[in-house]
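Novice: The structure follows.
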Amino acid sequence: MVRTTYSREYYRDPYYVSAWDVKQYVYCPLIPWIKEHVGVVEPPDINMELGKPEGPKEDVLIRLGVPKPWRYDVYLRNTDLMIVGVVDLVGGVKKLEVVEFKLFNRRRYSHFTSQLLFYAYLVSKSLGPVHKAHIVLGKNTITYYVTEETLRHVERLVERVREVKTGDDPPRGVRQDPHKCGLCWYRRYCPRD
């Protein structure tokens, strides 16, 4: 499988919001602020390297009923909305579907769901309407129907992330979560500690 390469310059502009920003914001709103204001980025670790299965998962796509053609690692940048991301898979022509692959199942995955729905929003605004969004967590799959309400929710989420990235002060009211904070690479830079 060929991976798409792309310029990282848009990831450096604080007004641009990426799928990675959204995922990290939902995990903890302080992470995008730390990345932007402290200037540190978590280096890839073994879990990140293993986190996405290699190669097309045609059996999964067929089971989910994702229409062809299947386009892998689709880089999209919407300059009007200032959003950017690399979608694992976009399927279909008129009614599009997006798929996000994760190698392992997880008990907590709301941040991955937000990342997936961000991709649905990005594809809807850049290529055409998305009908369904699927997340594959190991051997489990979850399908979401993408509605106007879904897109409005993501739009508001993107604005919150942008406000955090461009704001001078760290977000307020972030509650500490011993499980999340204990696993977080950014905790050494956290202004709440």
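Under our numbering, the first residue of the sequence shown carries the number 2, and numbering increases by one thereafter.
Every residue gets a Cβ at the ideal spot worked out from N, C-alpha and C, and that includes glycine.
What is the DSSP secondary structure of residue 65, counted as helix, strand or coil?
Specialist: Walking along the sequence shown from the start, residue 65 turns up at place 64. Helix, per DSSP.
Novice: Report, in whole angstroms, the separation of the C-beta atoms of residue 41 and residue 190, which I expect to be a contact under 8 Å.
Specialist: Along the sequence shown, one-based indexing puts residue 41 at 40. Along the sequence shown, one-based indexing puts residue 190 at 189. Confirmed, Cβ separation roughly 6 Å.
Novice: Can you pull the DSSP bridge partners for residue 117?
Specialist: For the purposes of this step, residue 117 is identified with residue 116 of the sequence shown, where counting begins at 1. Answer is none; residue 117 lacks a bridge partner.
Novice: Please classify residue 86: does DSSP put it in a helix, a strand, or coil?
Specialist: Here residue 86 corresponds to residue number 85 of the sequence shown, with the count starting at 1. In this structure, residue 86 counts as strand in the three-state DSSP scheme.
Novice: Please return the same chain residues whose Cβ sits closer than 6 Å to the Cβ of residue 22, not counting the five positions on each side in sequence.
Specialist: Reading the sequence shown from its first residue, position 21 is the one you call residue 22. Within the same chain, residue 22 has close Cβ partners 33, 162.
Novice: Can you give, in chain order, each stretch of the alpha helix (DSSP H) that sits fully within the region 119 to 193 and has at least 4 residues?
Specialist: Complete alpha helix (DSSP H) runs here, min 4: 149 to 167, 179 to 184.
Novice: What's the C-alpha gap between residue 171 and residue 126?
Specialist: By 1-based counting over the sequence shown, the position of residue 171 is 170. By 1-based counting over the sequence shown, the position of residue 126 is 125. Rounded to whole angstroms, residue 171 to residue 126 spans 30 Å at the Cα level.
Novice: According to DSSP, simplified to helix, strand and coil, what is residue 97?
Specialist: Along the sequence shown, one-based indexing puts residue 97 at 96. Reduced to three states, the DSSP call for residue 97 is strand.
Novice: Between 102, 124, 156, 155, which has its C-alpha nearest residue 141's C-alpha?
Specialist: Locating residue 141 in the sequence shown gives position 140, where the first residue counts as 1. The option with the nearest alpha carbon to residue 141 is 102.
Novice: I need the straight-line Cα distance from residue 144 to residue 29, nearest angstrom please.
Specialist: Residue mapping note: residue 144 aligns to position 143 of the sequence shown, counting from 1. Residue mapping note: residue 29 aligns to position 28 of the sequence shown, counting from 1. The alpha-carbon atoms of residue 144 and residue 29 are separated by roughly 24 Å.
Novice: Just to confirm before moving on: does the CB-CB distance between residue 152 and residue 26 stay below 9 Å?
Specialist: Locating residue 152 in the sequence shown gives position 151, counting from the first residue. Locating residue 26 in the sequence shown gives position 25, counting from the first residue. No; because the gap between Cβ atoms is not below 9 Å, this pair is not in contact.
Novice: For residue 135, does the count of other Cβ atoms within 10 angstroms reach 16, so buried, or fall short, so exposed?
Specialist: The residue labelled residue 135 in the question sits at position 134 within the sequence shown. Its Cβ being crowded by 16 or more others within 10 Å, residue 135 is buried.
Novice: Over what stretch of residues does the beta strand (DSSP E) that includes residue 74 continue unbroken?
Specialist: Walking along the sequence shown from the start, residue 74 turns up at place 73. From DSSP, the beta strand (DSSP E) with residue 74 extends over 71 to 79.
Novice: Assuming residue 36 is part of the alpha helix (DSSP H), what are its boundary residues?
Specialist: As a first step, residue 36 is located in the sequence shown; it is residue number 35 there, counting from the start. First-last of the alpha helix (DSSP H) with residue 36: 31 to 39.
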